[in-house]
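Chemist:
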Amino acid sequence: MEEKKINVAEESHDTEAPLDKNVRLMSPTRMVVRRFFRSRLSIVGLIMVIGLFIFSFAGPLVYTAWGEIELDESGKTEYATAVTTYTVDGVEYTVRQTTEKSLKDNFLAPPSSEHILGTDNEGYDIFVRLMYGGRISLTVSFLAVFLITALGVVLGGIAGYFGGVVDNVIMRVCDVLICLPGIPILLIISTALDAPEYGVPAEYRIYLLMAFLSLISWPGTARLVRGQILSLREQEYMVAAEAMGYSASRKIFKHLIPNVMPQLIVQMSLSLGSMILYEATLSYLNLGVKAPYAAWGTMINIISTNQDILQHHLNVWVPAGVCIVIAVLGFNFVGDGLRDALDPKSRR
């Protein structure tokens, strides 16, 4: 009886797997990815953003019926009716006269098989301009956010690490830039770029304006990086890096900045939505892309000068507004998902 018990114990001992084999190791990156894709809003936002990029950058390669600055000159006929009233011997007569006018450009055409979303007030295909406008809006926003982040990381890292006079100088520059009114300055610069002696092409104006906007918008990122580095530089691993004689640049960009990256990634994703709105605002105010080129804000700008289009031709400006809303919501959903994935405690 005892031998049987011993054999059973030995068999159960042999079938048990070592404890370390039951533990499944997972890298931090994989954990973040898993947390991100657990959120439905994160997945929806990612789908929205990817869909806009495919539509804007791959769409013109597939849909080649019309070009961005190609006018529909197939022509159209307009009919105008004039009503004239006159009185003869006390009898009132009304005469209706219809005139026919042939036009060269097929403008404000309704949606059809030839023009999926119709044409605008100049005769350009709205669907095609929506795709090319997305290219400009998305590209400009991404470039602006990356430039703002790069400047903020470098200057904020230097200010937080060295402190003292360097910190005071950089922070006072931040204070000055925060006080600058962005829209009025951009209005002045845009007016100056219209001067013939500069000769700035219409399609590049928005890039110059957003570059200037980036040069005055980095203080927020710099303050975030500075605050994080002020707390991180007192950690034990920084004391060890100091004892090993590492250079200041290596300690900042090799040890401190990587620990600030989670917060920077979240801020960048949320800032993309703000930059989309900023670019749309500049284009709507006619400060950005000039005709015949288009951006989403430029396509909405049509309603500011033509009330008839605002009321009776929704196909001209509503699609651009829908694209702006999708882009902003998509980037905000992705930013919220990244924040929850990188810092699960923030959800509590």
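Numbering (this note's numbering) for the sequence shown: 124 to 471.
By construction, the Cβ of each residue, glycine as well, lies at the ideal position given by its N, Cα and C atoms.
1) Between residue 438 and chain C, is the shortest Cβ-Cβ distance under 7 Å, so that the two count as touching?
2) So what's residue 188 in DSSP terms, helix, strand or just coil?
3) Terminal residues of the continuous alpha helix (DSSP H) containing residue 359?
4) Might you give, ordered along the chain, the residues of its own chain that have their beta carbon closer than 6 Å to the beta carbon of residue 403, omitting 5 neighbours on each side?
5) List the endpoints of the continuous alpha helix (DSSP H) containing residue 406.
6) Below 7 Å CB to CB, which residues in the same chain sit around residue 254 once its five sequence neighbours on both sides are set aside?
7) Restricting to Cα atoms, I'd like to know which of 267, 338, 294 is closest to residue 280.
8) Give me, in chain order, the residues of the same chain whose beta-carbon lies closer than 8 Å to that of residue 235; leave out the 5 immediate sequence neighbours on both sides.
9) Assess contact between the stretch 453-469 and the stretch 163-173, defined as three or more Cβ pairs (one per stretch) separated by less than 8 Å. Is contact present?
10) Just to confirm, is the Cβ distance from residue 450 to residue 399 under 7 Å?
11) If we count the other Cβ atoms within 10 Å of its Cβ and call it buried at 16 or more, is residue 291 buried or exposed?
12) On the CB-based measure, 16 or more other CB atoms within 10 Å of its CB, does residue 188 come out buried or exposed?
13) Among 347, 346, 311, 350, which one has its Cα closest to the Cα of residue 335?
14) Please state the DSSP three-state secondary structure of residue 463.
15) For a test of the three-state rule: what should DSSP assign to residue 217, helix, strand or coil?
Modeler: Short version:
1) Structure shown: chain C not included; a single protein chain is present.
2) coil
3) It spans 359-366 - the alpha helix (DSSP H) in which residue 359 sits, taken as one unbroken run.
4) 419, 420, 447
5) 380-407
6) 178, 179, 182, 183
7) 294
8) 241
9) yes
10) yes
11) exposed
12) exposed
13) 311
14) helix
15) strand
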